[in-house]
Amino acid sequence: MKPITEKERFTGQVFLPGSVVGILGGGQLGRMVVLEGRKMGYRFVTLDPAADCPGSQVADRHIAKAYDDPEGTEALAAAADVIAYEFENVSAEAVKRLERRVALPQGSRLLEVTQHRLREKEALVMGGLPVTPYRTVTGPEQAAAAAEELGFPCILKTATGGYDGKGQRLVRSPDEAMAGWAELAAGGREVILEQFVPFRKELSVVVARGIRGDIVSYPVAENVHRDHILHRTIVPAPIDEEIARRAEQLARDAAEHLEVVGLLAVELFLLEDGRLLINELAPRPHNSGHYTYDACATSQFEQFLRAICGLPLGSPRLLSPAVMVNVLGQHLPALMEKLPSLPPAVKVHLYGKREARPGRKMGHVTVLADANEAMEIMDQIGLWNR
Ligand SMILES: Nc1ncnc2c1ncn2[C@@H]1O[C@H](COP(=O)(O)OP(=O)(O)O)[C@@H](O)[C@H]1O
Ligand SMILES: [Mg+2]
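Okay, so the sequence shown: first residue is 33 according to this note's numbering, each after it adds one.
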């Protein structure tokens, strides 16, 4: 895989406050980038098919068009001085079109790599970075054979479009491998098979890298998932310092190898024997970095903008231990009920989504306390066990 070269990207430019930042995507990540950027004096235009999305509610201007709609991207290019993407499932073609016209410091190459599980793993392997053992699978018999090689259980994943565990099938037998492949590959999707990793913990590190290659990393976080959706993030992760150092180094190495500009979130599995494997990457603010909004000197959202706008990176210093818990649709009534009597250590963030469907990320709370104390507080709110 050809590494991203600095030349392929429109870099070297500084965009001072007052500039208009265009954001592809209007979800909660874009919303929090806008909220932080307004504080600094930036202006924002968002592009997202939903008119009343979390981003559009806080942006100066919103373009309600599909990400690959030529009129939409044209309007974004005309309005923005610099453009960023806030999630991976935007069309790489559209991003390529845009970066020919407007500064787009993250670049289309980083998007192409991170929006495709196979390309992402290949890029990491090229950089000498450890990944979960995997196979590409192109047919049912081959899926069964690959599963036998990797051992059971293993996990089939679509190469593109997956999030929050969507597009994944656990495989416990050759028959399940064949059936799972047929389901996921329907419509011509590429599929990969991964060994199931019996991890001790899931960790993540958010790294920021500026246009001059300067790099800072946030503290290592421990992530606990429920039903494949992030439930909570604990910072600092309760792990040995030596493991934390290695996790941070892997994340920095990945960001350097991919010549990231902006943010790179690196999800890791910590194995029983202390080894670390990279699970996946995200080239943007990450759910496991939401705690930085309240608990760090510079939030990941501000840092993202600083990197993209060519400003010096801010301090990632942790000001307080924190536990972040996602508020899903089913949690909202309990949270609303408790809101008037929440303890002062609890910071509430809601994303302005009107419809509270079960499993939908409606907001998050960050408890500025160590893990034990935070757990007690969360018990009181009733978010912990649902
Ligand atoms: N190979 C694996 N072994 C064990 N658990 C896995 C594996 N792949 C994914 N998981 C579990 O499923 C979660 C979601 O998978 P992931 O690949 O991160 O996809 P996404 O976050 O895009 O939905 C992971 O955080 C982890 O809990
Ligand atoms: Mg993940």
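We put the beta carbon where it would ideally sit given N, CA and C, even for glycine.
Please report the Cβ distance between residue i and residue j, rounded to the nearest whole angstrom; I am assuming they are in contact, meaning their Cβ atoms lie under 8 Å.
i	j	result
proline 315	threonine 168	Wrong, their Cβ atoms sit about 22 Å apart, outside the cutoff.
arginine 70	proline 86	Arginine 70 to proline 86, Cβ: 14 Å. No contact.
proline 317	leucine 360	Actually they are not in contact, since the Cβ atoms of proline 317 and leucine 360 sit about 19 Å apart, beyond 8 Å.
valine 237	serine 249	6 Å
glutamate 152	glycine 139	Contact flag wrong, Cβ pair sits at about 15 Å.
valine 203	leucine 216	Rounded, the Cβ-Cβ distance is 11 Å, inconsistent with contact.
leucine 351	alanine 327	6 Å
leucine 337	tyrosine 74	7 Å
arginine 386	aspartate 84	7 Å
alanine 283	valine 293	Going by Cβ atoms, the distance from alanine 283 to valine 293 rounds to 15 Å, so no, they are not a contact pair.
leucine 142	alanine 124	Their Cβ separation, rounded to whole angstroms, is 10 Å, which puts leucine 142 and alanine 124 out of contact at 8 Å.
alanine 240	isoleucine 247	7 Å
histidine 396	histidine 381	5 Å
leucine 225	tyrosine 166	6 Å
In or out: residue i buried (at least 16 other Cβ within 10 Å) or exposed?
i	result
arginine 418	Here the model assigns arginine 418 a pLDDT of 49, short of 50, so the residue's position is not dependable, and the following value carries that caveat. Label assigned to arginine 418: exposed.
glutamine 412	exposed
glutamine 305	Residue identity differs from the one stated: residue 305 is aspartate in this sequence, not glutamine. Counting Cβ neighbours within 10 Å, aspartate 305 comes out exposed, since fewer than 16 surround it.
glutamine 60	buried
arginine 41	For arginine 41, the predicted structure reports a pLDDT of 47, less than 50, and the residue's modelled location is therefore unreliable. A value from the coordinates is still provided. Per the 10 Å Cβ criterion, buried.
proline 270	exposed
alanine 191	buried
proline 102	exposed
serine 205	exposed
proline 376	exposed
glutamine 335	buried
methionine 356	buried
leucine 48	exposed
glycine 54	buried
Tell me the residue span of the alpha helix (DSSP H) that contains residue i.
i	result
asparagine 404	403-413
phenylalanine 336	332-340
glutamate 18	Because the chain here runs from 33 to 418, residue 18 falls outside it and cannot be looked at.
threonine 19	Residue coverage of the chain in this structure runs from 33 to 418, which leaves residue 19 outside it and unanswerable.
alanine 217	206-217
glutamate 103	102-111
alanine 178	172-182
serine 140	140-146
lysine 393	Note, lysine 393: premise wrong, no alpha helix (DSSP H); beta strand (DSSP E) at 393-399.
valine 66	60-72
lysine 153	149-158
glutamine 281	273-289
glutamate 118	It is not in any alpha helix (DSSP H) - glutamate 118 carries neither H nor E in the DSSP assignment.
Can you tell me which of the options puts its alpha carbon nearest to the alpha carbon of residue i?
i	options	result
proline 81	Ile95, Tyr74, Met72, Gly73	Ile95
phenylalanine 231	Leu303, Ala327, Gly50	Leu303
tyrosine 195	His148, Asp84, Leu364, Glu68	His148
glutamate 222	Gly171, Pro206, Ala253, Asn255	Gly171
leucine 290	Tyr117, Val114, Ser205, Ala155	Ala155
aspartate 207	Leu61, Ala175, Gly57, Val114	Ala175
alanine 403	Pro165, Ile243, Ala354	Ala354
proline 348	Glu181, Leu182, Tyr323, Glu274	Tyr323
isoleucine 409	Leu374, Asn121, Asp246, Phe184	Leu374
methionine 72	His260, Val52, Leu225	Val52
glutamate 405	Ile55, Lys233, Val378, Tyr325	Val378
alanine 287	His257, His263, Leu161	Leu161
lysine 233	Ile275, Gly197, Arg201	Ile275
In the DSSP assignment, find the unbroken beta strand (DSSP E) run with residue i in it and report its ends.
i	result
glutamate 226	223-227
lysine 128	Not the beta strand (DSSP E): lysine 128 falls in the alpha helix (DSSP H), residues 124-133.
serine 249	247-249
arginine 264	261-267
leucine 188	186-190
arginine 167	166-169
histidine 381	378-382
Could you tell me the alpha carbon to alpha carbon distance between residue i and residue j, rounded to whole angstroms?
i	j	result
leucine 309	leucine 300	6 Å
alanine 112	serine 320	29 Å
arginine 440	glycine 104	The shown model of the chain, from 33 to 418, leaves out residue 440, and the question about it has no answer.
methionine 407	valine 46	43 Å
proline 372	alanine 209	50 Å
valine 163	lysine 370	42 Å
glycine 346	serine 331	9 Å
proline 365	isoleucine 243	43 Å
lysine 39	glycine 199	Low confidence applies to lysine 39: its pLDDT is 46, below 50, so where it sits in the model is not reliable, and the reading given next is rough at best. The straight-line gap from Cα to Cα measures roughly 35 Å.
alanine 126	lysine 97	12 Å
valine 122	leucine 313	16 Å
glycine 220	alanine 214	10 Å
alanine 211	glutamate 120	28 Å
phenylalanine 333	alanine 388	24 Å
phenylalanine 228	valine 157	18 Å
aspartate 285	glycine 159	8 Å
isoleucine 340	threonine 398	26 Å
alanine 179	histidine 260	21 Å
glutamate 181	alanine 107	50 Å
isoleucine 36	glycine 58	Note that isoleucine 36 has pLDDT 43, beneath the 50 cutoff, so the model's placement of it is unreliable and no number is given.
aspartate 92	valine 114	15 Å
glutamine 89	glycine 384	8 Å
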